[in-house]
Amino acid sequence: MPGTCVIGLQWGDEAKGKLVDLLTDHFDIVVRYQGGANAGHTVVVGDETYKLHHIPSGILNPDVINVVGPGVVLNPPTILEEIDSLLARGIKVDSDNLMLSDRLHVVLPWHLEEDRLLNQQPVDGESIGTTLRGIGPCYRDKVGRTWAVRLGDLSRPDFADKIRSIVTSKQQLFDGLSGDIQLDAAQIYEEFQQYAQRLQPFVQDTTSYLLDAVEDQQRVLFEGAQGALLDIDHGTFPFVTSSNSSGVGVAAGSGVPPRWIQRVLGVCKAYSTRVGGGPFPTEQDNPIGQTIRDLGNEYGTTTGRPRRCGWFDAVAVRYARRLSGVDGLAVMMMDVMSQLPEIQICIGYQIDGQRLDVFPSHADDLRRIQPIYETIPGWQTDVTAARKMEDLPEGAHQYLQRVSELVGCPVDVVSVGPDRAQTIFTREFAHR
Ligand code: GDP
Ligand code: IMO
Ligand code: MG
105 MPGTCVIGLQ
115 WGDEAKGKLV
125 DLLTDHFDIV
135 VRYQGGANAG
145 HTVVVGDETY
155 KLHHIPSGIL
165 NPDVINVVGP
175 GVVLNPPTIL
185 EEIDSLLARG
195 IKVDSDNLML
205 SDRLHVVLPW
215 HLEEDRLLNQ
225 QPVDGESIGT
235 TLRGIGPCYR
245 DKVGRTWAVR
255 LGDLSRPDFA
265 DKIRSIVTSK
275 QQLFDGLSGD
285 IQLDAAQIYE
295 EFQQYAQRLQ
305 PFVQDTTSYL
315 LDAVEDQQRV
325 LFEGAQGALL
335 DIDHGTFPFV
345 TSSNSSGVGV
355 AAGSGVPPRW
365 IQRVLGVCKA
375 YSTRVGGGPF
385 PTEQDNPIGQ
395 TIRDLGNEYG
405 TTTGRPRRCG
415 WFDAVAVRYA
425 RRLSGVDGLA
435 VMMMDVMSQL
445 PEIQICIGYQ
455 IDGQRLDVFP
465 SHADDLRRIQ
475 PIYETIPGWQ
485 TDVTAARKME
495 DLPEGAHQYL
505 QRVSELVGCP
515 VDVVSVGPDR
525 AQTIFTREFA
535 HR
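At position 81 of the sequence shown the residue is numbered 185 (the numbering used here), and the sequence of numbers has no breaks.
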């Protein structure tokens with residue numbers, strides 16, 4: 105059975121990009137299937153660092169085909185910049201190794217304006233703090249259909265009419281919301297015509313392509329963006345993204361039915377981070393959080409914002425693990441934990457003095473959580489040169505063992521630094 109998924113189990117930035125890049129040798133195809141330029145996936149190869157927003161992290165392996173599926177929302181200028189920057193660095197990107205679904209939805213200038221305007225309005229008393237990449241507004245228009253634009257539409261004869269008609273409606277909307285936004289249909293049409301011409305060689309029916317591929321037993325790796333706790337349906341709503349970023353989104357976003365998915369790797373940090381607003385039970389808004397931020401260089405790949413940092417939350421990750429059908433964990437950033445004198449791990453939640461057995465569905469309840477912590481002595485040993493489990497100190501083994509027990513799943517991968525080499529596979533990664 106051909107499909108493996110890499111899914112973030114926290115609030116994004118779990119180092120999915122590093123893991124996908126490492127695994128690409130075992131695969132024929134890597135697929136992004138949800139999210140858009142809100143994602144920032146970092147791949148470090150020696151002295152080179154690549155930050156990918158739209159293009160799957162398989163792109164650094166010239167033998168892999170990279171697919172951006174129908175569930176993604178695509179910003180044409182962003183992907184074109186990404187392509188140009190990769191080409192300038194000698195990375196192969198052409199129509200033989202990159203395909204964009206003609207069904208995917210396009211982020212247009214009005215989506216960026218809507219994101220900026222609406223993000224200023226608090227929801228449930230707090231701003232969502234989006235990445236301002238037009239993600240929510242584009243998905244809203246996709247679901248609403250009337251104002252949706254798909255990639256395939258850009259090269260159709262009625263594209264100018266479509267833009268003109270949408271701009272008329274959107275201008276009325278902006279006039280009601282704010283007086284200072286003026287959309288120019290002719291200019292937007294010209295601009296997007298040019299993007300369409302450049303993107304045309306990459307545009308394909310990726311749904312048929314992937315269905316043929318799985319039926320031919322080709323090996324497909326699905327690269328999740330964001331993390332399960334940001335899932336629109338199952339995450340910490342409304343402080344989430346606008347797509348199904350847990351494991352449940354793979355089939356819908358790619359067009360490959362769940363029966364082809366054989367293995368799910370869940371990626372988590374050895375601690376927790378979150379960018380933007382929303383409840384975060386184990387947050388350390390104090391010198392401990394700052395130490396983690398400094399040690400882990402926890403600043404957003406896409407926006408540069410400082411990430412909120414806190415202890416590992418086993419209740420949340422266990423929920424995310426079950427929701428995503430994970431059968432193996434990748435625990436990243438163990439080098440960061442290895443520098444702390446003492447480590448806490450959240451093993452349970454209490455609310456109003458009562459123990460909670462489930463992950464709460466309402467943000468207000470999650471805000472009121474009192475985490476129950478277990479303290480683990482730090483091992484304070486540099487692990488960045490560890491290449492096999494035996495190289496890790498006893499304390500690190502105990503920590504990983506505890507994470508595995510609490511989350512309810514074996515640890516398959518341990519990461520001790522950003523580089524490809526700084527990775528330990530606890531069992532050989534074989535495509536079963
Ligand atoms: P993604 O969005 O899930 O792909 O993650 P990001 O790329 O946004 O953030 C992860 C960051 O951690 C990147 O800067 C990686 O280079 C870096 N990284 C990955 N693994 C490790 C690790 O084990 N230790 C440290 N210190 N950094 C890591
Ligand atoms: P990767 O793929 C971390 C967060 C934003 C905000 C919320 C909604 O790199 O892990 P959006 O722009 O999607 O409407 O923002 O989701 N967010 C991410 N946080 N990593 C990401 O992607 C994220 N993508 C969105 O900070 O809180
Ligand atoms: Mg990221």
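Ideal Cβ positions, reconstructed from N, Cα and C, are used throughout, including at glycine.
Since this is a predicted model, take the numbers as computed values, not measurements.
C-beta contact flag for residue i and residue j at 8 Å
{"i": "Thr479", "j": "Pro497", "result": "no"}
{"i": "Gly353", "j": "Leu314", "result": "no"}
{"i": "Gly404", "j": "Val440", "result": "no"}
{"i": "Ser312", "j": "Gly139", "result": "no"}
{"i": "Arg506", "j": "Ile455", "result": "no"}
{"i": "Ser508", "j": "Leu444", "result": "no"}
{"i": "Val324", "j": "Ile133", "result": "yes"}
{"i": "Gly331", "j": "Gln114", "result": "yes"}
{"i": "Gly175", "j": "Gly370", "result": "no"}
{"i": "Tyr453", "j": "Pro481", "result": "no"}
{"i": "Gln308", "j": "Asp206", "result": "yes"}
{"i": "Arg136", "j": "Ala329", "result": "yes"}
{"i": "Pro383", "j": "Phe343", "result": "yes"}
{"i": "Ile239", "j": "Asn142", "result": "yes"}
{"i": "Val211", "j": "Leu190", "result": "no"}
{"i": "Ala252", "j": "Arg268", "result": "no"}
{"i": "Trp483", "j": "Ser442", "result": "yes"}
{"i": "Ala467", "j": "Thr340", "result": "yes"}
{"i": "Leu173", "j": "His157", "result": "Correcting the residue identity first, residue 173 is Gly in this sequence and not Leu. The answer is no: Cβ separation not under 8 Å."}
{"i": "Gly116", "j": "Val517", "result": "no"}
Extent of the continuous beta strand (DSSP E) run through residue i
{"i": "Asn170", "result": "169–172"}
{"i": "Val517", "result": "515–519"}
{"i": "Tyr375", "result": "Here Tyr375 belongs to no beta strand (DSSP E), and DSSP marks it neither H nor E."}
{"i": "Glu387", "result": "Per DSSP, Glu387 belongs to no beta strand (DSSP E) and is neither H nor E."}
{"i": "Thr108", "result": "107–112"}
{"i": "Phe306", "result": "Here Phe306 belongs to no beta strand (DSSP E), and DSSP marks it neither H nor E."}
{"i": "Ile232", "result": "Unbroken run through Ile232: none, as it is neither H nor E."}
{"i": "Lys155", "result": "152–156"}
{"i": "Ile52", "result": "Missing from the structure shown is residue 52; the chain here goes from 105 to 536 and no further."}
{"i": "Thr527", "result": "527–529"}
{"i": "Leu470", "result": "Note, Leu470: premise wrong, no beta strand (DSSP E); alpha helix (DSSP H) at 467–471."}
{"i": "Gln454", "result": "446–455"}
{"i": "Ser259", "result": "First-last for Ser259: undefined, no H or E at that position."}
{"i": "Ser205", "result": "202–205"}
Classification of residue i by the beta-carbon crowding that lies within 10 angstroms, buried from 16 upward
{"i": "Ser161", "result": "buried"}
{"i": "Leu208", "result": "buried"}
{"i": "Arg536", "result": "For Arg536, the predicted model reports a pLDDT of 43, less than 50, meaning its position is unreliable; a value from the coordinates is still stated below. So Arg536 ends up on the exposed side."}
{"i": "Asn201", "result": "buried"}
{"i": "Asp151", "result": "exposed"}
{"i": "Leu123", "result": "buried"}
{"i": "Lys492", "result": "exposed"}
{"i": "Pro213", "result": "buried"}
{"i": "Thr272", "result": "exposed"}
{"i": "Thr108", "result": "buried"}
{"i": "Thr548", "result": "With the chain covering 105 to 536 only, the question about residue 548 has no answer from this structure."}
{"i": "Asp398", "result": "exposed"}
{"i": "Thr488", "result": "exposed"}
{"i": "Gly521", "result": "buried"}
{"i": "Val511", "result": "buried"}
{"i": "His215", "result": "buried"}
{"i": "Leu334", "result": "buried"}
{"i": "Ala490", "result": "buried"}
{"i": "Pro166", "result": "exposed"}
Terminal residues of the alpha helix (DSSP H) in which residue i lies
{"i": "Met438", "result": "438–441"}
{"i": "Gly357", "result": "353–358"}
{"i": "His215", "result": "213–223"}
{"i": "Tyr477", "result": "Element bounds for Tyr477: not the alpha helix (DSSP H) but the beta strand (DSSP E), 474–481."}
{"i": "Leu123", "result": "120–127"}
{"i": "Phe326", "result": "Segment 324–327 is the beta strand (DSSP E) holding Phe326; no alpha helix (DSSP H) there."}
{"i": "Thr182", "result": "180–192"}
{"i": "Val507", "result": "498–511"}
{"i": "Tyr423", "result": "418–427"}
{"i": "Tyr403", "result": "Where Tyr403 is concerned, there is no enclosing alpha helix (DSSP H), given that its DSSP letter is neither H nor E."}
{"i": "Ile239", "result": "239–248"}
Any C-beta of chain D under 8 Å from that of residue i
{"i": "Val511", "result": "Checking the listed chains, one finds no chain D in this structure; it contains a single protein chain."}
### Task
Determine, using beta-carbon pairs with one atom in the stretch 375–394 and one in the stretch 406–413, whether at least three such pairs fall under 8 Å.
yes
### Task
With a cut-off of 5 Å, give the chain-ordered residues whose Cβ is closer than this to any heavy atom of the ligand MG.
Asp117, Gly144, Thr405
#### Entry: At least three beta-carbon pairs within less than 8 Å, the stretch 213–225 to the stretch 261–268
no
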